[in-house]
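Residue 413 is where the sequence shown starts when you use the working numbering, and the numbers rise one by one after that.
We put the beta carbon where it would ideally sit given N, CA and C, even for glycine.
Reviewing the structure listed below.
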Amino acid sequence: MRNDTRLSRMLHVLIHMDRHQQRTTSETIARMLETNPVVVRRTMGLLREKGYVTSDKGHNGGWALAKPLQQITLLDIHQALGAQSIFSIGLATDHPQCLVEQAVNDALSQAFDEAQALLLQRLGAISVADLANDFEHRYQSLPASRKTL
Numbered sequence: 413m414r415n416d417t418r419l420s421r422m423l424h425v426l427i428h429m430d431r432h433q434q435r436t437t438s439e440t441i442a443r444m445l446e447t448n449p450v451v452v453r454r455t456m457g458l459l460r461e462k463g464y465v466t467s468d469k470g471h472n473g474g475w476a477l478a479k480p481l482q483q484i485t486l487l488d489i490h491q492a493l494g495a496q497s498i499f500s501i502g503l504a505t506d507h508p509q510c511l512v513e514q515a516v517n518d519a520l521s522q523a524f525d526e527a528q529a530l531l532l533q534r535l536g537a538i539s540v541a542d543l544a545n546d547f548e549h550r551y552q553s554l555p556a557s558r559k560t561l
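Structure, rendered in structure tokens:
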């Protein structure tokens, strides 16, 4: 099963957009992410619907941040992307009358719910600016010969 990397990829894009402070085309983002511009437009469109980015068509068009990174949390972006399930582990429901299956599913459901609530709480406490600041600290720690983006 393939991991859903949209959250980490969109966070990456938002930080680059903030650093470059200019409109970024879908084609540029697609090259950065090694994907198709149509995929970029579809995914960025989800962020636009929630007011995190704007877009303009035509010459000098592209995507721009609509809010400062300090006002956007990881949870905001996760939810804008459709809030996919955090876990890919599923419950067996082949024999709902089986008491063993019921016991297993109850225990797993409770553990999944608790873990998901904790993770979502943590995502809500981290702003995209926190990630950008961490990047900047790491970047400034590099020797000058390695400072490329």
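Check for me: the beta strand (DSSP E) holding residue i runs from which residue to which?
{"i": "Leu477", "result": "Gly474 to Leu477"}
When the Cα of residue i is compared with those of the options, which residue comes out closest?
{"i": "Glu439", "options": "His432, Val452 and Asp525", "result": "Val452"}
{"i": "Leu426", "options": "Leu554, Lys559 and Phe547", "result": "Phe547"}
{"i": "Arg460", "options": "Ser500, Asp518, Lys559 and Trp475", "result": "Trp475"}
{"i": "Leu532", "options": "Met444, Phe499, His432 and Pro480", "result": "Phe499"}
{"i": "Phe524", "options": "Glu513, Gly502, Leu535 and Val512", "result": "Gly502"}
{"i": "Lys462", "options": "Ile484, Ile538 and Gln522", "result": "Ile484"}
{"i": "Ser539", "options": "Gln509, Ser497, Leu481 and Gly494", "result": "Leu481"}
{"i": "Met422", "options": "Gln433, Ile441 and Gln434", "result": "Ile441"}
{"i": "Lys469", "options": "Gln496, Arg435, Lys479 and Ala527", "result": "Arg435"}
{"i": "Ala492", "options": "Tyr464, Thr505 and Gln509", "result": "Tyr464"}
Just curious, the alpha helix (DSSP H) that residue i is in, first and last residue?
{"i": "Thr455", "result": "Pro449 to Glu461"}
{"i": "Ser467", "result": "Unbroken run through Ser467 is the beta strand (DSSP E), Val465 to Asp468; no alpha helix (DSSP H)."}
{"i": "Ser553", "result": "Val540 to Ser553"}
{"i": "Leu426", "result": "Arg418 to His432"}
Tell me the rounded alpha-carbon separation between residue i and residue j.
{"i": "Thr560", "j": "Gly457", "result": "29 Å"}
{"i": "Val512", "j": "Asp518", "result": "10 Å"}
{"i": "Tyr551", "j": "Asp488", "result": "26 Å"}
{"i": "Arg431", "j": "Ala544", "result": "9 Å"}
{"i": "Asn472", "j": "Pro449", "result": "17 Å"}
{"i": "Gln507", "j": "Val516", "result": "Position check: residue 507 holds His in this sequence, whereas Gln was assumed. Using only the alpha carbons, I get a separation of about 12 Å."}
{"i": "Asp542", "j": "Gly536", "result": "12 Å"}
{"i": "Ser521", "j": "Met429", "result": "39 Å"}
{"i": "Ser497", "j": "Gln514", "result": "21 Å"}
{"i": "Thr437", "j": "Lys479", "result": "18 Å"}
Pull the bridge partners of residue i from the DSSP assignment, please.
{"i": "Thr485", "result": "Ser539"}
{"i": "Thr436", "result": "Trp475"}
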